[in-house]
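Asker:
Numbering (full-length UniProt numbering), first residue to last: 1 to 641.
1) With distances taken Cα to Cα, identify the nearest neighbour of residue 545 among 606, 164 and 65.
2) How long is the line joining the alpha carbons of residue 363 and residue 639, rounded to whole angstroms?
3) Please say whether residue 513 and residue 549 have beta carbons closer to each other than 8 Å?
4) Which two residues bound the contiguous beta strand (DSSP E) that contains residue 406?
5) Assuming residue 196 and residue 335 form a contact by the criterion Cβ under 8 Å, report the distance between their Cβ atoms to the nearest whole angstrom.
6) Would you call the CB atoms of residue 252 and residue 328 closer than 8 Å?
7) Excluding the 5 residues preceding and the 5 following residue 495 in the sequence, name in chain order all residues of the same chain whose CB lies nearer than 6 Å to its CB.
8) What did DSSP end up calling residue 359 once you bin it into helix, strand or coil?
9) Quick one: using the 10 Å Cβ neighbour count with 16 as the cut-off for buried, is residue 267 buried or exposed?
10) Could you tell me how far apart the beta carbons of residue 349 and residue 222 are, in whole angstroms, since I believe they sit closer than 8 Å?
11) Identify the residues that DSSP records as bridge partners of residue 338: which are they?
12) Using a C-beta cutoff of 8 Å, does residue 534 count as contacting chain B?
13) Helix, strand or coil: which one does DSSP assign to residue 504?
14) Give me, in chain order, the residues of the same chain whose beta-carbon lies closer than 6 Å to that of residue 46; leave out the 5 immediate sequence neighbours on both sides.
15) Ordered along the chain, which non-local residues of its own chain (more than five positions away) have a Cβ less than 7 Å from that of residue 408?
16) Taking only the alpha-carbon atoms, compute the straight-line gap between residue 515 and residue 507 and give it to the nearest angstrom.
17) What runs of the alpha helix (DSSP H), each 4 residues or longer, lie entirely inside the segment 36-117?
18) In chain order, what residues of the same chain have a beta carbon less than 7 Å from the beta carbon of residue 258, not counting five sequence neighbours either side?
19) For the segment 2-14 and the segment 169-188, state whether three or more C-beta atom pairs, one from each stretch, are separated by less than 8 Å.
20) Let me know the secondary structure DSSP gives residue 435 once reduced to three states.
21) Out of curiosity, what's the CA-to-CA distance linking residue 158 and residue 140?
22) How is residue 632 classed by DSSP in three states: helix, strand or coil?
23) Just the C-alpha distance for residue 269 and residue 245, rounded to the nearest angstrom, thanks.
24) The beta strand (DSSP E) spanning residue 650 covers which residue range?
25) Could you tell me if the beta carbon of residue 607 falls within a distance shorter than 7 Å of some heavy atom in the ligand HEM?
26) Expressed to the nearest angstrom, what Euclidean distance is found between the alpha-carbon atoms of residue 186 and residue 9?
27) Leaving out five residues on either side along the sequence, give the residues of the same chain with a beta carbon under 8 Å from the beta carbon of residue 518.
28) Which residue's Cα is closest to the Cα of residue 569: 326, 633, 455 and 339?
29) Give me, in chain order, the residues of the same chain whose beta-carbon lies closer than 8 Å to that of residue 121; leave out the 5 immediate sequence neighbours on both sides.
30) Can you give the Cα-Cα distance for residue 557 and residue 601, rounded to whole angstroms?
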């Protein structure tokens with residue numbers, strides 16, 4: 001009888017602590033802004049099954065993937081086994097009875113072995129084959145030790161049925177370890193055991209390359225963005241408690257890997273710590289906050305508010321502008337944390353409140369607003385379509401009703417190399433008999449750079465301008481050679497009523513070759529390494545079209561970069577950095593360029609003007625014997641027509 005009382009007291013205390021801790025965290029999360037995450041349940045359950053049940057992302061690291069599967073599913077099964085242990089010892093009534101059958105005993109023993117094997121594999125990875133992004137700490141080893149204690153004690157309990165003392169000790173050790181687990185989970189990174197499955201179900205169903213729109217107030221005069229943690233949405237707050245602190249995001253982040261300030265893992269970790277320490281700030285109502293502010297009392301809470309600034313407080317301001325928005329952190333996150341939207345929301349706060357912006361950012365945004373081009377130069381000096389007139393390419397005003405609008409983008413107006421790609425691509429379209437036109441002097445920036453830098457107001461004004469113009473002209477189909485333009489036109493204009501059929505230039509070229517409209521001829525033998533642009537590949541899934549096109553060219557032997565497709569490493573030009581840091585050293589670009597050189601290829605091919613220009617700049621810094629060719633896929637194709 002006494003054993004029962006002690007057991008249930010300990011169980012009540014540990015479960016009570018666990019329950020109250022989870023409840024307090026949920027109260028904090030509920031204080032976040034509203035956000036719809038319950039739509040399209042079938043798609044959500046399918047993704048849940050892929051990531052939680054099958055461990056799709058975790059299995060990309062085979063050793064740990066297998067270890068985690070063994071431990072997780074072993075524990076799920078052993079929950080029922082532990083219930084059986086309680087009912088057998090305390091009530092002498094095995095529940096349910098099937099748990100005492102030989103079949104169950106066999107399955108239980110298999111799962112015990114799998115969990116032990118999983119722990120051994122996990123420890124092997126931490127001690128012998130540890131990736132750079134994985135950080136060891138006492139907490140990780142304590143958790144592993146507890147898991148082993150829970151499993152081995154259960155094994156001893158069932159295996160030593162004739163030794164009463166050892167059986168009793170094993171039983172108590174087993175449950176004391178479980179109770180300790182209930183105390184540790186809310187205080188450690190293993191809180192993801194509770195939150196991550198839900199976070200995975202609630203992952204965004206929007207196109208990966210689409211940022212969520214925000215209301216900028218009447219006539220675009222409102223304030224928007226996130227300056228304090230309390231202003232995040234509930235899902236953004238939920239991310240922080242779901243984070244497993246595994247470090248995969250840091251391991252894939254180009255800025256972090258190249259020594260810049262950005263550390264995606266740190267954002268979730270510090271946000272969680274802030275919420276746990278300052279939970280009262282989240283839980284009071286807006287009315288209470290206003291009253292407290294006016295009366296000037298409750299100093300602790302007011303102090304918390306003052307310390308609650310994100311940039312310059314919870315994270316460093318340099319963190320904000322290091323992000324290339326490549327999406328690699330979100331691609332690898334096994335628990336569906338969405339780092340990028342937080343960074344953009346903080347940038348939006350700075351821009352909308354006229355905070356101290358880096359002068360380069362101010363210059364780029366002013367260029368888009370005043371000239372329709374991010375370079376900061378006068379439109380009359382930069383935007384030159386003489387090449388189009390010389391080629392006989394009509395403007396839409398001259399040829400209304402063309403099948404395609406060729407949206408040239410800003411890079412060709414700024415850079416001669418990008419312009420060469422535009423000329424080459426347009427020439428191929430002419431040769432293939434494609435019916436297309438350009439806007440010429442009427443073309444205005446698509447707004448992508450403004451949005452990634454946080455100026456949502458300017459972005460929406462730009463979108464409104466373009467949609468109005470294109471609606472008047474009856475434009476339906478658009479082709480572009482810039483993945484950044486493609487992503488914005490395809491995935492973000494629809495948020496404002498601009499729905500178009502948008503095609504990346506490589507996809508159209510691959511289609512023309514496949515249909516026989518373009519017939520490549522034999523060219524010099526070349527080994528070509530293809531670099532996947534983030535906004536074409538990771539964001540929009542265009543991987544095979546470019547590769548199929550290159551393989552279709554006689555004399556081309558395609559090889560892969562060390563990191564390719566969804567694991568591709570950014571060139572450093574995204575997130576507005578191409579324009580903001582055009583006169584600065586691009587360490588990320590240097591890193592990727594060295595990877596290209598290490599392949600030993602004759603030529604690096606890409607399908608993005610930012611990547612192309614970045615590699616050309618890095619190539620110019622290399623010794624002559626290290627040089628390799630650089631070309632857009634359109635140029636490689638053109639040389640073989």
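We treat Cβ as the ideally placed atom computed from N, Cα and C, and that holds for glycine.
Just so it is clear, the structure is predicted and the values come from calculations on it, not from any experiment.
Answerer: Inspection of the coordinates gives the following:
1) 606
2) 38 Å
3) yes
4) 404-407
5) 4 Å
6) yes
7) 213
8) helix
9) buried
10) Actually they are not in contact, since the Cβ atoms of residue 349 and residue 222 sit about 12 Å apart, beyond 8 Å.
11) BP columns for residue 338 are empty, so no partner.
12) Among the chains in the structure shown there is no chain B, since it carries only a single protein chain.
13) strand
14) none
15) 422, 438 and 443
16) 12 Å
17) 41-48 and 62-90
18) 587, 588 and 591
19) yes
20) coil
21) 28 Å
22) strand
23) 7 Å
24) Here the chain has residues from 1 to 641 only, and residue 650 is not among them.
25) Among the components modelled here there is no ligand, and therefore nothing to report on the ligand HEM.
26) 20 Å
27) 428, 431, 432, 509, 512, 637 and 641
28) 326
29) 63, 64, 66, 67 and 70
30) 9 Å
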